[in-house]
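> Let me give you the structure first, and then I'll get to my questions.
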Amino acid sequence: MIRIPREMEIYRRAHPLAPNDRGNHQNGAFVIPSRSLMIIVSSGEGWDHVSVSLKERCPTWDEMEWVRRKFFEDDDTVIEIHPPLNDYVNRCETCLHMWRPWNYEIPLPPKDHIA
């Protein structure tokens with residue numbers, strides 16, 4: 008299950024699309040000034056979800072991994088989804104998303120194939 012570490016609470020902000028909503032223990036928006044990251048965390052409908060964005064560019068692998076380690080357990084597998092083009096939606100050019108389903112384990116390729 009997704010978690011919001013106590014250390015992240017100082018970065019909590021109102022959700023950009025719902026100014027009166029500051030979230031709860033499994034949902035929220037966070038601005039990390041030292042990394043220039045905007046993070047939105049949500050949990051519902053069978054999925055944990057974290058979006059990560061910057062103003063001028065997409066997050067790097069290292070930035071995404073930093074966020075993953077903050078909001079997911081070390082043994083969680085999370086995915087970035089590239090859906091069929093018919094289902095593709097891009098609301099922000101500089102935002103990436105991580106997903107984790109609640110009710111099943113994400114299959115992985117053999118360990119020596121993961122780089």
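Take any residue in the sequence shown, note its place counting from 1, add 7, and you have its number in our numbering. We put the CB at the ideal spot given by N, CA and C, even for glycine.
(1) Where Ser41 and Leu61 are concerned, what is the direct C-alpha to C-alpha distance, given to the nearest angstrom?
(2) Trp73 lies in the alpha helix (DSSP H); which residues open and close that run?
(3) To the nearest angstrom, how far is the alpha carbon of Arg76 from that of Ile46?
(4) Does the beta-carbon distance from Val57 to Cys102 come in below 8 Å?
(5) Give the DSSP bridge partners of Val85, in chain order.
(6) Is the distance from the Cβ of Ile11 to the Cβ of Phe78 below 8 Å?
(7) Pull up the CB-CB distance for His104 and Glu87, whole angstroms please, since I reckon it's below 8 Å.
Walking through what the data contain:
(1) Here residue 41 corresponds to residue number 34 of the sequence shown, with the count starting at 1. Here residue 61 corresponds to residue number 54 of the sequence shown, with the count starting at 1. One alpha carbon belongs to Ser41, the other to Leu61, and they sit about 12 Å apart.
(2) Within the sequence shown, residue 73 is the residue found at index 66, counting from 1. Where Trp73 is concerned, the enclosing alpha helix (DSSP H) stretches over 68–78.
(3) As a working note, residue 76 is residue 69 in the sequence shown. As a working note, residue 46 is residue 39 in the sequence shown. Distance between the alpha carbons of Arg76 and Ile46 is about 13 Å.
(4) Residue 57 sits at position 50 when you count from the first residue of the sequence shown. Residue 102 sits at position 95 when you count from the first residue of the sequence shown. With a cutoff of 8 Å on beta-carbon distance, Val57 and Cys102 are scored as not near each other.
(5) What you label residue 85 is simply residue 78 of the sequence shown in a count that begins at 1. DSSP, once it has assigned bridges, lists no residue as partnering Val85.
(6) Numbered from its first residue, the sequence shown carries residue 11 at position 4. Numbered from its first residue, the sequence shown carries residue 78 at position 71. With respect to Phe78, Ile11 sits close: the two C-beta atoms are nearer than 8 Å.
(7) By 1-based counting over the sequence shown, the position of residue 104 is 97. By 1-based counting over the sequence shown, the position of residue 87 is 80. Indeed, because the Cβ distance is near 6 Å, the residues count as touching under 8 Å.
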